[in-house]
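Asks: Numbering (full-length UniProt numbering), first residue to last: 1 to 349.
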């Protein structure tokens, strides 16, 4: 073989080997970026749009580690390093594993030490992809609900607003079933999950919503009323109100009736079902047709109550602030002032 040709082939081979090595190293480094530089045993918090509150997730990390270790059939010593990473930074194959997740942050455990055969609870809580363990969506929601309702945890780093989570899916909205006040083309939807006997809902109706009405009138915000029964005795009240909307499709009418109810609740006077019927009759001139709409109303109420829990809402008022243009929202539990709601709009703008 010609000596010049031989040298050229050797140089080409060396170049290819070096290029492949560089590619493999860079790929490996890139694949480790989502682990914050750690190689193994990492508790990764993946977020969208709003960074998580790290102190909360340090405690969740300890909680999950304890659950895993206490259920291991052998002596497992698991120490996890905390890593916080934007969804945009994780590898595409891992993004595929999160397809369908609508609540963020999502925490995952990356560890080669875990063995589902020896730690049965892993299969109950997590889906597995290689060494990466993703919490099942139901388990994730349950853990967040439990820790929020029991210990008051919130999961996003947004002081003053204290939102629970980011949601990438809007609550269900059927204009024939769901009370909406304002333009369906509004930039923001303010979903309120309410119970007619909720004192903090009454506070919101009296102090927050009146100041928002100018944003409703100019088409910036639409208020969407949802049902979440936290007082069993309020169910029949809600059935009458929802039936009235199914019959008339008049959102402002419903809003006025709820205002009347909450005006009494704010005075520590819980209106009976008969009193609510009197309010409806005075406003409308008649009662809704429960024979025709009552069953559908109750199904809708039950659906929306479950929907609220799936959004990590554990009490009323439950609030979802949704940006229709960006298709992103945040979930809040409890009363918020007008000023705080405005800051929440800015947070997802």
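For every residue, glycine included, the Cβ atom is placed at its ideal position computed from N, Cα and C.
Can you tell me the Cα-Cα spacing of residue 37 and residue 82, whole angstroms?
Replies: When rounded, the distance between both Cα atoms is 11 angstroms.
Asks: Using 8 angstroms for Cβ pairs, my map puts residue 224 next to residue 190. What's the rounded Cβ distance?
Replies: At roughly 7 angstroms, the Cβ-Cβ gap stays under 8 angstroms, so residue 224 and residue 190 are in contact.
Asks: On a CA-only basis, which of 335, 319, 338 and 226 is nearest residue 329? Give me that one, please.
Replies: Measuring from the Cα of residue 329, the nearest candidate turns out to be 319.
Asks: For residue 135, which three-state DSSP category applies?
Replies: Three-state DSSP puts residue 135 in a strand.
Asks: For residue 325 and residue 77, I'd like the C-alpha separation in whole angstroms.
Replies: Distance between the alpha carbons of residue 325 and residue 77 is about 47 angstroms.
Asks: According to the neighbour-count rule (16 or more other Cβ atoms, all chains shown, within 10 Å of its Cβ), is residue 341 buried or exposed?
Replies: Buried, since its Cβ has 16 or more Cβ neighbours within 10 Å.
Asks: Residues in the same chain with beta-carbon distance under 7 angstroms from residue 33, minus the five sequence neighbours each way, listed in chain order, please.
Replies: Same-chain partners within the cutoff: 89.
Asks: With burial defined as no fewer than 16 other Cβ atoms inside 10 Å of the residue's Cβ, what is the status of residue 148: buried or exposed?
Replies: So residue 148 counts as buried.
Asks: Assuming residue 183 and residue 158 make a contact with CB atoms under 8 angstroms, what is their CB distance in whole Å?
Replies: Not confirmed; about 27 angstroms, so no contact.
Asks: Where in the region 136 to 174 do unbroken runs of the beta strand (DSSP E), each at least 3 residues long, occur, reported from the N-terminal end onward?
Replies: With a minimum length of 3 residues, the continuous beta strand (DSSP E) runs that stay inside the region 136 to 174 are 165 to 167.
Asks: Output the boundary residues of the beta strand (DSSP E) element that contains residue 275.
Replies: Here residue 275 belongs to no beta strand (DSSP E); instead the alpha helix (DSSP H) covers 273 to 284.
Asks: Which stretch, first to last residue, makes up the alpha helix (DSSP H) that contains residue 260?
Replies: Counting along the chain, the alpha helix (DSSP H) containing residue 260 begins and ends at 251 to 265.
Asks: Grab me the residues of residue 246's own chain with a C-beta within less than 7 angstroms of its C-beta, minus the 5 sequence neighbours each way, in chain order.
Replies: Hits under 7 angstroms: 177, 293, 296 and 297.
Asks: What does DSSP give as the partner residues of residue 225 in its beta bridges?
Replies: 179 and 192.
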